[in-house]
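> Below is one structure. I have some questions about it.
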Amino acid sequence: MSIAAMLAAAVLLATPETATRELGKAAAGDVVRFAPGDYGRVTIKDKRFQPRLTLEAGDARMRLFLIDSSGIDVVGGQFGGTRAAAPDGGASAEMTRYDADGKRSIPSAGGGDLQTGYGAMIKGSSHVEFRDGLFHDARKGLIISHSTDVVARDLRFERMSSDGINIAAAQRVLVERIECHDFDPSPGAHPDCVQLWSPPSGATADITVRDSLARGRTQGFAGFNHPKKGQTGFDRIRFIDNRAEVSFPHGISIYDCRDCEITGNVARPYTGAKHRVIVRVIRCTDCVVADNSNGPRPVRAPAPKG
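One point on numbering: in full-length UniProt numbering, the residue at position 64 of the sequence shown is 64, and numbering is uninterrupted.
Right under this line is the structure:
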């Protein structure tokens with residue numbers, strides 16, 4: 001940033017009552033500082049910031065949606081939603097339907113709008129970073145859809161009823177040093193700390209997930225692929241030095257990956273797990289798979305007598 005731009009940048013103070021106005025005034029290089037409080041849904045749409053806009057969310061509580069925008073850093077913040085039931089077809093079907101019409105609300109299986117279950121969403125956007133934030137008590141924490149050049153760093157995900165981070169039709173995404181724990185899956189859910197896929201509307205490529213931890217009633221870090229649904233697999237995915245201590249069998253998994261690296265990952269069963277937790281690499285072309293560690297097979301408790 002030039003000296004002139006630094007001098008022109010402003011620090012804008014936002015409260016739940018003034019946030020919409022302050023965000024409307026924000027210019028490139030500005031800082032919007034949120035006071036503690038409940039903000040509900042906060043949306044930034046069709047905005048481009050260069051130099052980048054910084055949102056200092058601190059202890060503010062909100063659901064943040066960044067739509068068709070670029071150049072935004074989000075520091076801190078508490079992002080929670082509702083724990084609405086997932087629609088029929090699971091996460092992949094839901095995201096495919098949402099991506100097909102990003103302006104239309106999608107009803108959940110139990111009624112209502114699925115977007116209320118998201119802590120934050122980045123859609124159709126670029127050059128966005130979330131760091132040092134908490135995602136909690138939502139169905140899904142952070143959705144990254146049809147976006148590029150995104151960083152999710154030093155984030156915590158707690159008490160999700162489904163997933164921590166979903167990445168679909170996105171490119172050049174870095175996820176590092178995140179933690180997922182104390183998930184509380186809704187009936188029928190197959191939760192993941194990080195899940196990525198390539199819907200028919202766009203390929204997912206150049207994704208790095210590293211130095212991250214999943215622990216508890218969840219799966220770890222996964223890239224699933226369903227060719228019969230028009231999904232096309234992945235290119236240049238890196239799962240490096242992650243640890244999954246989980247109760248579901250997919251500790252670290254990737255399917256139909258090209259030129260990918262799966263190294264240094266550890267999979268272990270969480271207390272009470274009924275399945276072996278492993279690093280699973282299926283149909284990987286020109287991939288480096290090395291130095292991964294699978295957990296032992298859990299000992300089944302004997303049936304009670306009498």
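The C-beta atom is built at its ideal place from N, Cα and C for all residues, glycine as well.
(1) Measuring straight from C-alpha to C-alpha, what distance separates LEU53 and TYR255?
(2) How would you label LYS274, buried or exposed, when you count the other beta carbons within 10 angstroms and need 16 or more for buried?
(3) Cβ of ALA28 within 8 Å of Cβ of PRO51?
(4) Which residues bound the alpha helix (DSSP H) around GLY29?
(5) Would you check if the segment 66–77 and the segment 125–138 touch, i.e. whether three or more CB-CB distances between them fall below 8 Å?
(6) Identify whether ILE18 lies in helix, strand or coil by the three-state DSSP scheme.
(7) So the candidates are ALA168, SER161 and GLY202; which of them puts its Cα closest to the Cα of PRO187?
(8) So for PRO296, helix, strand or coil by DSSP?
(9) Would you mind sorting SER126 into buried or exposed? The rule is 16 or more other CB atoms within 10 Å of its CB.
(10) If I follow the unbroken beta strand (DSSP E) through residue 308, where does it start and stop?
(11) Rounded to a whole number of angstroms, what is the C-alpha to C-alpha distance between ARG172 and THR18?
(12) Buried or exposed, going by whether 16 or more other CB atoms sit within 10 Å of the CB of GLU94?
(13) CB-CB under 7 Å to LYS45, same chain, minus the five flanking residues each way: which ones, in chain order?
(14) List the endpoints of the continuous beta strand (DSSP E) containing GLN171.
(15) Considering only C-alpha positions, which residue in the set ASP163, ILE252 and ASP235 is nearest to PRO269?
(16) For PRO227, which residues from the same chain have a beta carbon less than 6 Å from its beta carbon, with the 5 sequence-adjacent residues on both sides left out?
(17) Do you know how far the Cα of ALA120 is from the Cα of ASP59?
(18) Looking at ALA169 and PHE203, is the spacing between their C-beta atoms short of 8 Å?
(19) Go ahead and label GLY272 buried or exposed: buried means 16 or more other beta carbons lie within 10 angstroms of its beta carbon, across all protein chains shown.
(20) I'd like to confirm the pairing. Which residues does DSSP put opposite CYS193 in its beta bridges?
(21) For ALA9, which residues in the same chain have their Cβ closer than 6 Å to its Cβ, ignoring the five residues on either side in sequence?
(22) Report the rounded CA-to-CA distance for TRP197 versus THR232, giving the unit in angstroms.
(23) Going by the CB atoms, is the gap between GLY71 and ARG41 shorter than 8 Å?
(24) Which residues mark the beginning and the end of the beta strand (DSSP E) in which ALA152 is found?
(25) Taking 6 Å as the limit between beta carbons, can you name the residues of its chain near TYR118, skipping five residues before and five after?
(26) In the structure shown, what three-state DSSP assignment does GLY24 receive?
(27) I'd like to check one pair, ALA214 with ALA244: are the Cβ atoms closer than 8 Å?
(28) Identify every run of the beta strand (DSSP E) within the segment 225–287, keeping only runs that are complete inside it and at least 3 residues long; order them along the chain.
This is what the structure holds:
(1) 37 Å
(2) exposed
(3) yes
(4) Run containing GLY29: none; DSSP gives neither H nor E here.
(5) yes
(6) Just to set this straight, residue 18 is Thr in the shown sequence, not Ile. Coil, per DSSP.
(7) SER161
(8) coil
(9) buried
(10) Missing from the structure shown is residue 308; the chain here goes from 1 to 306 and no further.
(11) 34 Å
(12) Low per-residue confidence applies at GLU94: pLDDT is 43, beneath 50, and the placement is therefore not dependable, though the value from the model is reported in the following sentence. Buried is the call here.
(13) ILE67, ASP68 and SER69
(14) 171–176
(15) ILE252
(16) none
(17) 15 Å
(18) Checking the sequence shown, residue 203 turns out to be Ala, not Phe. Against a cut-off of 8 Å, the Cβ pair of ALA169 and ALA203 comes out as a contact.
(19) exposed
(20) Looking at the DSSP assignment, CYS193 forms no beta bridge with any residue, so it has no partner.
(21) GLY29 and ASP30
(22) 9 Å
(23) no
(24) 148–153
(25) GLY81, LYS140 and ILE143
(26) helix
(27) yes
(28) 234–240, 243–246, 250–258, 261–263, 266–269 and 278–285
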